Structure formats: C-alpha cells, structure tokens
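If you count by our numbering, then the sequence shown holds residues 202 to 363, one letter each, in order. Report on the following structure.
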Amino acid sequence: MATQKTGSRAQDAIALLKQDHKTMRELLAKLEEAEGRERETTLKTIEHELKVHTKIEEDIFYPAFREAAEKEDDNKLYFEALEEHHVVDMVLPEIKDTDIDADEFPAKAKVLKDLVEHHAEEEETEMFPRAKKLMDRAQLMELGQQLADAKASLTGGAKTRR
Ligand SMILES: [Fe+2]
Ligand SMILES: [Fe+2]
Numbered sequence: 202m203a204t205q206k207t208g209s210r211a212q213d214a215i216a217l218l219k220q221d222h223k224t225m226r227e228l229l230a231k232l233e234e235a236e237g238r239e240r241e242t243t244l245k246t247i248e249h250e251l252k253v254h255t256k257i258e259e260d261i262f263y264p265a266f267r268e269a270a271e272k273e274d275d276n277k278l279y280f281e282a283l284e285e286h287h288v289v290d291m292v293l294p295e296i297k298d299t300d301i302d303a304d305e306f307p308a309k310a311k312v313l314k315d316l317v318e319h320h321a322e323e324e325e326t327e328m329f330p331r332a333k334k335l336m337d338r339a340q341l342m343e344l345g346q347q348l349a350d351a352k353a354s355l356t357g358g359a360k361t362r363r
C-alpha cells in the first residue's frame, strides 16, 4: 500500500476531532483537581488546545458540514455549535482573570468544564453522526488531512506545547 508516513497516522475528520475532545476532557478534569501553579499551567494548555480546536472546526469542519447540509436541522446544528464556541470564548477570560488561589477558581473551572463537555457531547452525538451520513469516507479522510495540516501549522508543527 502506498500510504504516506509523515509521523502521524491518517485519520478521518471525526476521529481527529474526537481525539481532541478526549484530550480536552482530560485537561478539564485535571484543572478541576489542580492546586496552585498547576492551575495556571493547565489553564494555559487548555486555552491553547481550545483555540486550535475551535479554529480548525470553524475554518474547515463546520463549513464543510454546512456545505453538505440537507435539512433545516443540520443548519441548526451548525449555528448552535458556533454559538457554543462563542460562549466558551466569553467564559474563558473570566477564569483567566481569576486569581489561582481564589475560592472562585474551582467553581469557574467547573463551569468551563461543563460547558465544553456539553458542546463536545453534542458534536459527538448529533453533528458528527449527521456528518457521517452527509459525507462519504473519502471526503471525511480528506477533511481529516486538512484538519491535521491546519493543526500542525497552528502549533508550529509541534504536537504539544508546554
Ligand atoms: Fe466545537
Ligand atoms: Fe469539537
């Protein structure tokens, strides 16, 4: 087989986005448990991961989904997803402005976690299954490649940042 080995396995768009979600869930759980300086470093990683993930969705995956959309409900999913990203964007500065030693910190971390988890859950149970119906395998693989490339360029080619 003529598969290209470029360091990362080829993934379809949905597998790639789901993997990001898994990473995000772990980071958010970690933030909730974190104390002191670990709150700051974990929050920084979350902010970076969220920025990259939402950007590649908004630039590549969501437009492709909308393009493939057939029903009014598909459009609704598209707009809801964008709004939920927007809410996360509003909540994130709140927690960044909170002192890491403040009593409010874990509460704000919990709200961020619930928000992001709810959104990821909706994508995984509603938008992604619809995308699988609306797009064929080749299209999802092609999108996966585009997402991976965009991710690599946004992270300077590095897989993770510390
Ligand atoms: Fe999203
Ligand atoms: Fe997502």
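We treat Cβ as the ideally placed atom computed from N, Cα and C, and that holds for glycine. Note that this is a predicted model, so its numbers are computed, not measured.
{"query": "Opening and closing residue of the alpha helix (DSSP H) in which F262 lies", "result": "Run containing F262: none; DSSP gives neither H nor E here."}
{"query": "Cβ-heavy atom distance, E324 to ligand 2, below 7 Å", "result": "yes"}
{"query": "Cβ contact check for the region 213 to 227 and the region 338 to 345: 3 or more pairs under 8 Å", "result": "yes"}
{"query": "Whole-number beta carbon distance between H254 and D381, since they are thought to touch under 8 Å", "result": "No answer is possible for residue 381: the residues shown for the chain start at 202 and end at 363."}
{"query": "Helix, strand or coil at G357 [DSSP, three-state]", "result": "coil"}
{"query": "Residue nearest to L251 in terms of C-alpha spacing, selected from E285, A235 and M328", "result": "E285"}
{"query": "Cβ-heavy atom distance, H287 to ligand 1, below 7 Å", "result": "no"}
{"query": "Helix, strand or coil at M336 [DSSP, three-state]", "result": "coil"}
{"query": "Option nearest K245 by Cα separation, candidates M225, L278, E318 and A282", "result": "M225"}
{"query": "Given H194 as reference, the closest of L355, K334 and E281 once Cα atoms are compared", "result": "The first residue shown for the chain is 202 and the last is 363, placing residue 194 beyond what the model contains."}
{"query": "Proximity test, T243 beta-carbon vs ligand 1 heavy atom, cut-off 7 Å", "result": "no"}
{"query": "8 Å Cβ shell around L232 - same chain, five flanking residues per side excluded", "result": "R240, T243, L244, I247, A310, L313 and K314"}
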